[in-house]
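There are 2 protein chains.
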Amino acid sequence: MRRGLLAVALALAVAAPALAQDAQQPPKRKSAKEIIDAAPASAWRDLDPANTLYMELPAGRVIIELAPGFAPEHVANIKTMAKGGFWDGLTIYRSQDNFVVQFGDAEGEEAGKAKPYPTGTRTRLPAEFTRSTEGARFDKLPDIDGWAPQVGFIDGMPAARDPKAGKAWITHCYGVLGAGRNNAPDSSIGAELYVVIGQAPRALDHQLSVVGRVVKGMDLLSTIPRGPEPMGFYQKPEQRAPIKAIRLASEVPAAERTPLQLLRTDSQAFIDATEARRNRVDDFYTVPAGHIDLCNVALPVRSPPAK
Amino acid sequence: MRRGLLAVALALAVAAPALAQDAQQPPKRKSAKEIIDAAPASAWRDLDPANTLYMELPAGRVIIELAPGFAPEHVANIKTMAKGGFWDGLTIYRSQDNFVVQFGDAEGEEAGKAKPYPTGTRTRLPAEFTRSTEGARFDKLPDIDGWAPQVGFIDGMPAARDPKAGKAWITHCYGVLGAGRNNAPDSSIGAELYVVIGQAPRALDHQLSVVGRVVKGMDLLSTIPRGPEPMGFYQKPEQRAPIKAIRLASEVPAAERTPLQLLRTDSQAFIDATEARRNRVDDFYTVPAGHIDLCNVALPVRSPPAK
């Protein structure tokens, strides 16, 4: 046995091997995968097509859940731009290792070359860096966090909360989608977007308007060749990765949609699966960590089961 | 100005734009890049060729610093295997999104197909999950960490320390190189290796023998197409990414080496640059984070300056 597989590091993907057990041993604890597989239908929620973007790349579809509860004006503007086909034929023009990919109009700042915005697009929006904690159900993790007083989940998004300030925000975990801006806090409108592809750059938290999260297809974004210029830009336009289209799922014919379900972060299955990862004890892991980082918590996605 | 560049999120790559300053304003704090650029020669150390691996891929060279202070027996075995050309012509056979790439002999467990180990390779090693804190200079970060009592740097590697247990270990940050194993703690010999390519999987800390860190060329590993099978394995052998060779730098003719210098983690420049990132205040960042995660601390690398 030469090949170390880190087998059980991946409880979601592969069940722990069933070993003959001594009758004296206590029963094995359930793995995260076993817990999720056994979750009742009520623990899952359907991804809402009216709140979902399909980013069509030559290699396939990236699926994004939008976060109108955090950035309502940006999300509304993004929907307007998607309906108007703004990103169709534009590119991913930046890929910086261990940080972000960024897409939109690479020539947006060049006079005469910028692609016009679709009718109805707002060209000035307020900064939406945080939201009020009021009215936001917070599925809190017990784990400490160096960046924020409290961390957990709101609307299925990884989030942090500052109860004293009465504010909450989406945290910059892997797969999170944010609106790029210039120095002025209100300089983003959602036309230029970035996705985190590396170690969570939490220093960006509550400094940009975060608009959603990739729920499927991250591998298509994370493997885009890095740009050689500073900050991951490409030298030549032809090096940029083309975007065929970005569409709102509700605008796509039903037969062409990708139905998905997400495990509710307030479900017992989610809580139990997270605990199974926080304190793994199995044939591989001998010392439970006793901790999980917000950005290490898996947010399970599945195709809806056949009816 | 439509394109949000997250400009100063990248102080290492791009200096903050010099804006006309009001004479009443206090002087700008130095950015991490400015601090590093001004570091004296004594703040830098040369990468030791006797302790450096070159992984030659078709797309270029990945440079790895080994960690004999943490896993002396694994590192010695890896040097033996590199000298004997063990990995030459083998592959990266696993690429799992937001987790690891893994390489070695994909057929190592198939009877009759496994590549023989070079003469002198040891086929059984002790687990080297932790080292004693004794004799290990620890450049401690003041920041809290959820996974370990203390975090910082030892031998230029991101590390954690448990003073009560008298143990230290390399943490699974982006770019860290570990020895894959099966369930038995002592089942790794360094033939099958993995590199972290996503959010730090710190739950692996002190559960595997960590043998070093990629110091240059991570983008060549992080962009390898993900394997479609569970855990990121490929379906067909031809999908695997070929390795031309892995050589010890000291075995490579001097003219073919890539000289590099790393900023010492005990230098004032490193401490100051980390503080500049912990509490960024500039034209982009308006709220200092007051915190930095161990795995977000940049470990600067440069080509030696011309003499």
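Protein chains in written order, with numbering that gives the first Met the number 0: chain A, 0 to 306; chain B, 0 to 306. Ideal Cβ positions, reconstructed from N, Cα and C, are used throughout, including at glycine. Here the structure is a predicted model, which is why all the values come from computation and not from measurement.
For residue i, the three-state DSSP class (helix, strand or coil)
i: Pro299 of chain B; result: coil
i: Thr51 of chain A; result: strand
i: Val74 of chain B; result: helix
i: Leu46 of chain A; result: coil
i: Ser131 of chain A; result: strand
i: Lys329 of chain B; result: Any question about residue 329 of chain B goes unanswered here, given that chain B covers just 0 to 306.
i: Arg256 of chain A; result: coil
i: Ala240 of chain B; result: strand
i: Asp292 of chain A; result: coil
i: Arg246 of chain B; result: strand
i: Asp21 of chain A; result: Bear in mind that a pLDDT of 45 at Asp21 of chain A, under 50, signals an unreliable position, so the model cannot answer this.
i: Ala202 of chain A; result: helix
i: Ala126 of chain A; result: coil
i: Ala40 of chain A; result: helix
Residue range of the unbroken beta strand (DSSP E) whose run includes residue i
i: Phe102 of chain B; result: 99-103
i: Leu338 of chain B; result: Given a span of 0 to 306 for chain B in the structure shown, any question on residue 338 of chain B remains unanswerable.
i: Leu192 of chain A; result: 192-195
i: Leu219 of chain A; result: Taken as a continuous stretch (DSSP letters only), Leu219 of chain A belongs to no beta strand (DSSP E), being part of the alpha helix (DSSP H) at 217-221.
i: Lys166 of chain B; result: 166-169
i: Ala159 of chain B; result: 156-161
i: Gly107 of chain B; result: Premise fails: Gly107 of chain B is in no beta strand (DSSP E) and is neither H nor E.
i: Val149 of chain A; result: In the sequence on display, residue 149 of chain A carries Gln and not Val. 149-153 is the span of the beta strand (DSSP E), which, as asked, contains Gln149 of chain A.
Counterpart residues of residue i in DSSP-defined beta bridges
i: Arg212 of chain A; result: A:Glu64, A:Val175
i: Arg93 of chain B; result: B:Gln101, B:Phe232
i: Leu56 of chain B; result: B:Gly59
i: Lys139 of chain B; result: B:Gly151
The alpha helix (DSSP H) enclosing residue i, as first and last residue numbers
i: Arg276 of chain A; result: 267-277
i: Ala31 of chain A; result: 31-36
| request: Take every Cβ of the segment 166-180 of chain A, pair it with every Cβ of the segment 200-210 of chain A, and state whether three or more of those distances are shorter than 8 Å. | output: Between the segment 166-180 of chain A and the segment 200-210 of chain A, the count of C-beta pairs closer than 8 Å reaches three or more; the two stretches touch.
| message | Assess contact between the segment 120-130 of chain A and the segment 265-275 of chain A, defined as three or more Cβ pairs (one per stretch) separated by less than 8 Å. Is contact present? | response | Flag = no, the segment 120-130 of chain A and the segment 265-275 of chain A do not touch.
| query | How about the segment 93-105 of chain A and the segment 215-234 of chain A: do they share at least three Cβ pairs that are nearer than 8 Å? | reply | Yes, the segment 93-105 of chain A touches the segment 215-234 of chain A.
| query | Is the segment 188-202 of chain A touching the segment 162-169 of chain A in the sense that three or more CB pairs, one from each, lie closer than 8 Å? | reply | Output reads no: the segment 188-202 of chain A does not touch the segment 162-169 of chain A.
| said: Between the segment 259-268 of chain B and the segment 294-305 of chain B, can you find at least three pairs of beta-carbon atoms closer than 8 Å? | reply: Judged by Cβ distances under 8 Å, the segment 294-305 of chain B makes contact with the segment 259-268 of chain B, as three or more pairs qualify.
| message | Assess contact between the segment 46-57 of chain A and the segment 139-146 of chain A, defined as three or more Cβ pairs (one per stretch) separated by less than 8 Å. Is contact present? | response | Too few Cβ pairs lie closer than 8 Å, so no.
| task | Take every Cβ of the segment 71-81 of chain A, pair it with every Cβ of the segment 113-120 of chain A, and state whether three or more of those distances are shorter than 8 Å. | result | Cβ pair count under 8 Å is three or more, so yes.
| query | Taking one C-beta from the segment 57-71 of chain A and one from the segment 198-205 of chain A each time, how about it: are there three or more such pairs within less than 8 Å? | reply | These segments do not touch.
| So, do the segment 82-91 of chain A and the segment 99-119 of chain A have three or more beta carbon pairs nearer to each other than 8 Å? | Contact holds: three or more Cβ-Cβ distances are below 8 Å.
| request: Inspect the CB distances between the segment 43-50 of chain B and the segment 246-255 of chain B and report whether three or more fall short of 8 Å. | output: The answer is yes - the segment 246-255 of chain B touches the segment 43-50 of chain B, with three or more Cβ pairs under 8 Å.
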